[in-house]
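The next block holds one structure in the form of structure tokens; read it before the comments.
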Amino acid sequence: MAGHSKWKNIQKRKNAQDAKKGKVFMHHAKEIYTAAKQGGGDPEMNASLRMAVDKAKSDNMPNENIERAIKKATGALDGASFEEITYEGYGPGGVAVIVNILTDNKNRTASEIRHAFKKNNGNLGENGSVSFMFDRKGYIVITNEDGTIDEEEITLEAIEAGADDIITEEGAYEIMTSPENFKDVCEHLRENGYQLESSEITFIPQTYSSPSEDDEKNMLNLIEMLEENEDVQDIHHNLEDSE
3 MAGHSKWKNI QKRKNAQDAK KGKVFMHHAK EIYTAAKQGG GDPEMNASLR MAVDKAKSDN
63 MPNENIERAI KKATGALDGA SFEEITYEGY GPGGVAVIVN ILTDNKNRTA SEIRHAFKKN
123 NGNLGENGSV SFMFDRKGYI VITNEDGTID EEEITLEAIE AGADDIITEE GAYEIMTSPE
183 NFKDVCEHLR ENGYQLESSE ITFIPQTYSS PSEDDEKNML NLIEMLEENE DVQDIHHNLE
243 DSE
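The numbering of the sequence shown is the working numbering, which starts it at 3 and goes up by one.
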């Protein structure tokens, strides 16, 4: 993981996305959905959901959008039946890609995902075709832009809570856990006064791919097309950070 900061990649894409309000709301909707799916739809009982909702409201996301994301996650959306689907495949240059979908029309979504891969010189594969190249991990980010959080102190707190590893990046700490320990580590850190900038169960690549410049450009286009699809919840890939 060292040298391949997931947080830097998130920041880079988010800065580009924030130029468009619709994408900002979509980003918040996905965070709310994930938090509600993992910990339930009551913000009072689910700290991750409460944090996601507060962030969305700070960007003036309408309450109806927030409620819809929660209802989608908990299966309480009237008149709609949503199905979770995972697509696996290769982007241009052999970059491994996993796409998690939540859709009420799997035929429409399948066509759109297939089109995005084909347009950018990628191809979809069978289930399991690339997932073996990733490790499923709990992932937590605590920002430290002002430098007030002591590295040794937070490392001891995280390890004591059951974390597997903590990575120091410029302005942030990235904490890795097993999926089983994820919730306990999050709760322990919050109880000890740390504010979690991001927390999720995700897939971390075991190795990274460095395609040609043209393939990297197409891969970034593929990611952008997928992120613009309202049915896409998460995208995981092993593209090497070029910076």
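Where is the CB? At the ideal position from N, CA and C, for every residue including glycine. Here the structure is a predicted model, which is why all the values come from computation and not from measurement.
Once you ignore the five residues that flank N231 on each side, which residues in its own chain have a CB closer than 8 Å to its CB? T111, E114, I115 and A118
Using a Cβ-Cβ cut-off of 7 Å (strictly less than) and excluding sequence neighbours within five positions of K73, which residues of its own chain qualify? L79
What number of angstroms, rounded off, separates the C-alpha of E182 from the C-alpha of L191? 16 Å
Along the chain, where does the beta strand (DSSP E) containing I103 start, and where does it finish? A98 to T105
From N223 to L126, what distance separates their C-alpha atoms? 16 Å
Sorted by chain position, which residues of the same chain lie with C-beta nearer than 6 Å to D236's C-beta, five sequence neighbours on each side aside? N102
Name the residue from E33, P94, G96 and T179 whose alpha carbon lies nearest to the alpha carbon of A49. E33
Residues that H239 bridges to, as DSSP identifies them: V99
Going by C-alpha to C-alpha distance, which of L51, G41, D216 and A58 sits closest to N26? It is Val, not Asn, that sits at residue 26 in the sequence shown. Residue A58 is the option with its Cα nearest to V26.
If you count every other CB in all the chains shown that lies within 10 Å of the CB of P64, and 16 or more means buried, which is it? exposed
For A98, which residues in the same chain have their Cβ closer than 6 Å to its Cβ, ignoring the five residues on either side in sequence? V132, M135 and N240
Would you list the one or two residues that DSSP bridges to V143? E176 and S200
CB D217 to CB G93, shorter than 9 Å? yes
Assuming N65 is part of the beta strand (DSSP E), what are its boundary residues? From DSSP, N65 is part of no beta strand (DSSP E) but of the alpha helix (DSSP H) over N65 to T76.
Can you tell me where the beta strand (DSSP E) holding N122 begins and where it ends? Premise fails: N122 is in no beta strand (DSSP E) and is neither H nor E.
Taking all protein chains shown into account, do 16 or more other C-beta atoms lie within 10 angstroms of the C-beta of A4, making it buried, or fewer, making it exposed? Note that A4 has pLDDT 41, beneath the 50 cutoff, so the model's placement of it is unreliable and no number is given.
Among all the DSSP beta bridges, which residues are the ones paired with S211? L241
Nearest-angstrom beta carbon gap, V143 and A160 [assumed within contact, 8 Å]: No, A160 and V143 are not in contact; Cβ-Cβ is about 12 Å, not under 8 Å.
Give the secondary structure of D56 by DSSP, where H, G and I count as helix, E and B as strand, and everything else as coil. helix
Does DSSP put Q19 in a helix, in a strand, or in coil? Reliability of the predicted coordinates at Q19 is poor, the pLDDT of 48 falling under 50, and the value obtained from them is presented with this limitation in mind. Q19: helix per DSSP, three-state reduction.
So, helix, strand or coil for F84, using DSSP? coil
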